[in-house]
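Structure representation (structure tokens):
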């Protein structure tokens, strides 16, 4: 199946002319992001419907993509010839900014336009400056530099953290798989001068079919760090280091099922991430907390169960912890519990509650309508933890679903996280145990 092989095929065909044979444009593994040709640009027609933007009697289309590479993401815009299959690069993001195409600007009212009329809405940002928008066009032709007109001048949304430090880390886990993570440290921090910081690792595992795909870089060093209401980056204001999005690939090559070795691969990835920040002098062993939302919460519980000495505490939001309650599959697991009973059991931290010793904070929306993360998951897991004497706390947010929206809920969530980290991570680093 396409899911087992990660294969995607793009065809060119003509619905109005059945005599024209269907032709393959791209046939590739979609996990291999380095080979991603981009996606066709659409436009609005006179009926305000989105249709494929084509040029010169449907010979050319525009492709925009993220531009993944070992050097990081560099979004691009290409002109693709459907007859010759040749590609001409019209534009690409340049360091030290992260730039991306946000939309077509020349199709207002569904009017017709040519390649000479093309203009786009461009977004440009950097680690210290939020995204600003401008229009970009090519009045001198595509071989000339594009013309730009700045449209916005948005202020910095959180000026107190304007000078936060951001670095994309690259490292390997024990089996040789390449991993990446984004390390954030507070403004003015110097590891040599200031020493290790209390650290929060926040992650979300993903499944892959090959080590090569799992190790590809999917980050940019030049994006702006937007900080949402429940973002772990808020704790930079409390002088935390944040290891955000360390890759936790769960790989199953060939006929292997990724989740059959979920625990081993998860622990190995976490060990590699901690080794890296300790090597940099940013964190102390035993002074790293782990957290996540949804499948990241599930990850958190498994790490505390199967790597009890790796973290000082955990924060798990809106997670699932007993896989016998999701018997017909979960996340990317297609097998049922009757087909893979051992895997379901091994991946259920609820069944390993007796192995957990580090403090665990559970937060859940009282009306979570996500199929696999009913609040009973947190309630039963909390009971298991308390029954085994694990320092733990369960917080239920009234009227909230899988994500938290009310101001009161968001602020209370942050309060609980801040209090938990102060008790079980900051004191750990300061030696006041």
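Numbering (this note's numbering), first residue to last: 945 to 1377.
Ideal placement from N, C-alpha and C gives every residue a C-beta, glycine not left out.
Taking residue i as the reference, give the member of the options with the closest Cα.
{"i": "residue 1094", "options": "1080, 1105, 1100 and 1228", "result": "1080"}
{"i": "residue 1054", "options": "1205, 997, 1086 and 1006", "result": "997"}
{"i": "residue 1157", "options": "1193, 1069 and 1214", "result": "1193"}
{"i": "residue 1227", "options": "980, 1024, 955 and 1372", "result": "1372"}
{"i": "residue 1184", "options": "992, 977 and 1369", "result": "1369"}
{"i": "residue 1074", "options": "1103, 1021 and 1050", "result": "1103"}
{"i": "residue 1268", "options": "1069, 1285, 1071 and 1023", "result": "1285"}
{"i": "residue 986", "options": "1025, 995, 1317 and 1112", "result": "995"}
{"i": "residue 1052", "options": "1181, 991, 1218 and 1246", "result": "991"}
{"i": "residue 1440", "options": "1132, 1207 and 1113", "result": "The chain is shown from 945 up to 1377; residue 1440 falls before or after that span and cannot be answered."}
{"i": "residue 1056", "options": "1111, 1086 and 1000", "result": "1000"}
{"i": "residue 1367", "options": "1280, 968, 1116 and 1302", "result": "1302"}
{"i": "residue 1105", "options": "1328, 1177 and 1111", "result": "1177"}
{"i": "residue 982", "options": "1139, 1024 and 966", "result": "1024"}
{"i": "residue 1291", "options": "1202, 1337 and 1122", "result": "1202"}
{"i": "residue 1071", "options": "1111, 1097, 1062 and 1047", "result": "1111"}
{"i": "residue 1077", "options": "1221, 1084 and 1068", "result": "1068"}
{"i": "residue 1312", "options": "1361, 1281, 1293 and 1237", "result": "1237"}
{"i": "residue 1378", "options": "1005, 993, 980 and 1361", "result": "The displayed coordinates of the chain run from 945 to 1377. Any statement about residue 1378 would go beyond what the structure contains."}
{"i": "residue 1014", "options": "1101, 1308, 979 and 1137", "result": "979"}
{"i": "residue 1364", "options": "1144, 954, 1272 and 1325", "result": "1144"}
{"i": "residue 1248", "options": "1211, 1229 and 1109", "result": "1211"}
{"i": "residue 1358", "options": "1213, 967, 1191 and 1179", "result": "1179"}
{"i": "residue 967", "options": "960, 959 and 955", "result": "955"}
{"i": "residue 1190", "options": "1122, 1229 and 1182", "result": "1122"}
{"i": "residue 1141", "options": "1272, 1089 and 1233", "result": "1233"}
{"i": "residue 1120", "options": "1196, 1032, 1213 and 1099", "result": "1213"}
{"i": "residue 1048", "options": "952, 1029 and 1007", "result": "1007"}
{"i": "residue 1086", "options": "1063, 1207, 1096 and 1097", "result": "1063"}
{"i": "residue 1217", "options": "1117, 1205 and 959", "result": "1117"}
{"i": "residue 1030", "options": "969, 993 and 963", "result": "969"}
{"i": "residue 1082", "options": "1033, 1100, 1098 and 1109", "result": "1033"}
What residues in its chain sit with their C-beta under 6 Å from that of residue i, if we drop five residues either side in the sequence?
{"i": "residue 1376", "result": "Reliability fails at residue 1376, whose pLDDT of 48 lies under 50, so the model's placement of it is uncertain and the value that follows must be treated cautiously. Cβ within range, chain order: n/a, list empty."}
{"i": "residue 977", "result": "1012 and 1160"}
{"i": "residue 988", "result": "1051 and 1054"}
{"i": "residue 1245", "result": "1260, 1265 and 1293"}
{"i": "residue 1092", "result": "1078 and 1080"}
{"i": "residue 957", "result": "966"}
Excluding sequence positions up to five away, which residues of its chain have a Cβ less than 7 Å from the Cβ of residue i?
{"i": "residue 1239", "result": "1148, 1149 and 1275"}
{"i": "residue 1224", "result": "1135"}
{"i": "residue 1354", "result": "1173, 1174 and 1348"}
{"i": "residue 1198", "result": "none"}
{"i": "residue 950", "result": "973, 974, 975 and 1153"}
{"i": "residue 1027", "result": "1003"}
{"i": "residue 1043", "result": "1019, 1037, 1066, 1067 and 1068"}
{"i": "residue 1282", "result": "none"}
{"i": "residue 1342", "result": "1310"}
{"i": "residue 1098", "result": "1074 and 1076"}
{"i": "residue 1324", "result": "1266 and 1294"}
Which whole-angstrom value is the C-beta distance of residue i and residue j, which I expect to be below 8 Å?
{"i": "residue 1265", "j": "residue 1209", "result": "No, residue 1265 and residue 1209 are not in contact; Cβ-Cβ is about 19 Å, not under 8 Å."}
{"i": "residue 1297", "j": "residue 1346", "result": "Not a contact, Cβ separation roughly 23 Å."}
{"i": "residue 1310", "j": "residue 1344", "result": "6 Å"}
{"i": "residue 1306", "j": "residue 1339", "result": "7 Å"}
{"i": "residue 1045", "j": "residue 1066", "result": "6 Å"}
{"i": "residue 1262", "j": "residue 1317", "result": "5 Å"}
{"i": "residue 1107", "j": "residue 1090", "result": "About 31 Å; that fails the 8 Å criterion."}
{"i": "residue 1381", "j": "residue 1146", "result": "Given a span of 945 to 1377 for the chain in the structure shown, any question on residue 1381 remains unanswerable."}
{"i": "residue 1096", "j": "residue 1204", "result": "The Cβ separation is near 50 Å, so there is no contact."}
Can you name, in chain order, every residue of its own chain whose Cβ lies under 8 Å from the Cβ of residue i, other than the five neighbours on each side?
{"i": "residue 947", "result": "1278"}
{"i": "residue 1336", "result": "1303, 1304, 1305, 1306, 1326, 1329 and 1330"}
{"i": "residue 1356", "result": "1339 and 1341"}
Please confirm if residue i has its CB atom under 8 Å from at least one CB of chain C.
{"i": "residue 1210", "result": "The question asks about chain C, but that chain is absent: this structure has only one protein chain."}
**Item:** Continuous alpha helix (DSSP H) assignments of at least 4 residues falling wholly in the stretch 1115–1195
**Value:** 1135–1138 and 1155–1158
**Prompt:** Counting pairs of Cβ atoms below 8 Å between the stretch 961–978 and the stretch 1156–1176, do you hit three or more?
**Reply:** yes
**Message:** As an exercise, report each continuous alpha helix (DSSP H) stretch of at least 4 residues that is fully enclosed by the stretch 1334–1374, in chain order.
**Reply:** 1351–1365 and 1371–1374
**Prompt:** How about the stretch 1250–1266 and the stretch 1166–1173: do they share at least three Cβ pairs that are nearer than 8 Å?
**Reply:** no
**Message:** I want to know whether the stretch 1109–1128 touches the stretch 1175–1189 - three or more CB-CB distances under 8 Å.
**Reply:** yes
**Any 3 or more C-beta pairs closer than 8 Å across the stretch 1030–1042 and the stretch 1002–1020** = yes
**Request:** Only counting runs of 4 or more residues, tell me where the alpha helix (DSSP H) segments fall wholly within the stretch 1187–1267, in order along the chain.
**Result:** 1206–1223 and 1239–1250
**Segments assigned alpha helix (DSSP H), at least 4 residues, entirely inside the stretch 1032–1080** = none
**Asked** What are the start and end residues of each continuous beta strand (DSSP E) run of 3 or more residues lying completely inside the stretch 1000–1025, in chain order?
**Response** 1004–1009 and 1020–1025
**Runs of beta strand (DSSP E) wholly within the stretch 1276–1311 (minimum 3 residues, chain order)** = 1304–1309
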